[in-house]
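Worksheet: one structure, shown below.
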Amino acid sequence: MPGRPRTAERYARALAAAVAAVLCLLLAANAGPTASAHAPAPAPAPAHAPAHESAPPADDPDDLASAGG
Numbered sequence: 031m032p033g034r035p036r037t038a039e040r041y042a043r044a045l046a047a048a049v050a051a052v053l054c055l056l057l058a059a060n061a062g063p064t065a066s067a068h069a070p071a072p073a074p075a076p077a078h079a080p081a082h083e084s085a086p087p088a089d090d091p092d093d094l095a096s097a098g099g
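Numbered by this note's numbering, the letters in the sequence shown go through residues 31 to 99 in order.
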């Protein structure tokens, strides 16, 4: 039966096991594709707003006259 290992050997093995575990976790986390890799490209923005969506400025005096006020 082998003798009991020294304390330094136990700590060295534990440290090596911890480093190996961290490396495995990092590799596993970076192995898969990212969510943005398969995301569709965003639609391009329109060059200008349609005419029916543009409103006159609020302080336009003609706007007040046409409103009946």
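The beta-carbon is built from N, C-alpha and C at its ideal position, and this holds for glycine as well. Owing to the predicted nature of the structure, the values given are computational and were not obtained by experimental measurement.
Nearest-angstrom Cα distance between residue i and residue j?
i, j, result
"Leu-57", "Ala-75", "38 Å"
"Ala-48", "Arg-40", "12 Å"
"Ala-59", "Val-52", "11 Å"
Apart from the five residues on each side of it in sequence, which residues of its chain come closer than 8 Å, Cβ to Cβ, to residue i?
i, result
"His-78", "none"
Leaving out the 5 sequence neighbours to the left and right, which residues in its chain are closer than 6 Å to residue i when beta-carbon positions are compared?
i, result
"Pro-35", "none"
"Ala-71", "none"
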